[in-house]
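Beneath this line is the structure, given in structure tokens, with notes to follow.
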Amino acid sequence: MDNAELKREADLLIEECRLPKLLAVYPGWFVGGSYGYDLMCWRDLDIYVLDPQHDLKRCFEVGYELTKRLAAKKSFFTNNVGSKPNGLYWGIKLGDARQGAWKLDVWFLDSENYERHVAYSAELNERMTAESRETILIIKKAYWRRPEYRDTVTSDLIYRAVLENGVRNTKDFERFLRDSLHR
Numbered sequence: 325m326d327n328a329e330l331k332r333e334a335d336l337l338i339e340e341c342r343l344p345k346l347l348a349v350y351p352g353w354f355v356g357g358s359y360g361y362d363l364m365c366w367r368d369l370d371i372y373v374l375d376p377q378h379d380l381k382r383c384f385e386v387g388y389e390l391t392k393r394l395a396a397k398k399s400f401f402t403n404n405v406g407s408k409p410n411g412l413y414w415g416i417k418l419g420d421a422r423q424g425a426w427k428l429d430v431w432f433l434d435s436e437n438y439e440r441h442v443a444y445s446a447e448l449n450e451r452m453t454a455e456s457r458e459t460i461l462i463i464k465k466a467y468w469r470r471p472e473y474r475d476t477v478t479s480d481l482i483y484r485a486v487l488e489n490g491v492r493n494t495k496d497f498e499r500f501l502r503d504s505l506h507r
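325 is the number of the first residue of the sequence shown in my numbering; add one for each residue after it.
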């Protein structure tokens, strides 16, 4: 499945769970990550919510509603207040992500961390070219089902390898990984 198809599916999911209405009580929110960069290769949404007060009750209400509306198979909460990023987190899985089910990462962040994500997303989008997007998608597609993906190999590592280290294909990326481990 390509990026455009996954984004259409994501838009339908966002509509189905009525996310804009659910998050309307917050001063700001956006869908970032691979959705925002046009780099989707699997069903994963990163949602960032501006929640300066870290309103735990409201955060749980959102987690409950998303779990119910999407018939999630697994929903888990993490209180990350006082750590990085400073916020509350819901991980919501609609099944096995490696088998094609949707996964949502919903971060409720203070102003500083929310603005940092907004700025990072804007900067990354500005730096992307058609060629770098294509290269990143090829590498992500080669790695996302592997056990090391999201552990030692992350999307961010792939983005940096391509945008900052001149990686142009999967073979270059494998060399980049070997060299990085020996530094």
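Don't be surprised by glycine CBs; every beta carbon is placed ideally from N, CA and C.
(request) Since I believe residue 428 is in contact with residue 371 (beta carbons under 8 angstroms), could you give me their beta-carbon distance rounded to a whole number of angstroms? (result) Right, their Cβ atoms sit about 6 angstroms apart.
(request) Within 10 angstroms of the Cβ of residue 464, are there 16 or more other Cβ atoms? Answer buried if so, exposed if not. (result) By the 16-neighbour rule on beta-carbons within 10 angstroms, residue 464 is buried.
(request) Starting from residue 398, follow the beta strand (DSSP E) in both directions and report where the run begins and ends. (result) In the DSSP annotation of this structure, the continuous segment of the beta strand (DSSP E) that includes residue 398 starts and ends at 398-403.
(request) Answer with buried or exposed for residue 497, where buried requires no fewer than 16 other C-beta atoms within 10 angstroms of its C-beta. (result) Buried, because 16 or more other Cβ atoms sit within 10 Å of the Cβ of residue 497.
(request) Drop a sphere of 10 angstroms on the beta-carbon of residue 360, count the other beta-carbons inside from all chains shown, and report buried for 16 or more, exposed for fewer. (result) Classification for residue 360: buried.
(message) So for residue 368, helix, strand or coil by DSSP?
(response) Under the three-state reduction of DSSP, residue 368 is assigned to strand.
(request) In the DSSP assignment, find the beta strand (DSSP E) that holds residue 429 and state where it starts and stops. (result) Where residue 429 is concerned, the enclosing beta strand (DSSP E) stretches over 427-433.
(message) If contact is defined by three or more beta carbon pairs under 8 angstroms, each pair taking one atom from either stretch, is the stretch 392-399 in contact with the stretch 450-470?
(response) Here the stretch 450-470 makes no contact with the stretch 392-399; the two share fewer than three CB pairs at distances below 8 angstroms.
(message) Tell me whether the stretch 339-356 and the stretch 466-475 touch, counting them as touching only if at least three CB pairs, one residue from each stretch, are closer than 8 angstroms.
(response) Contact between the stretch 339-356 and the stretch 466-475 is absent: fewer than 3 CB-CB pairs across the two stretches fall below 8 angstroms.
(request) Just confirm the distance between the C-beta atoms of residue 413 and residue 448, as a whole number of angstroms; I'd bet it's less than 8 angstroms. (result) With a Cβ gap of about 21 angstroms, residue 413 and residue 448 do not count as contacting.
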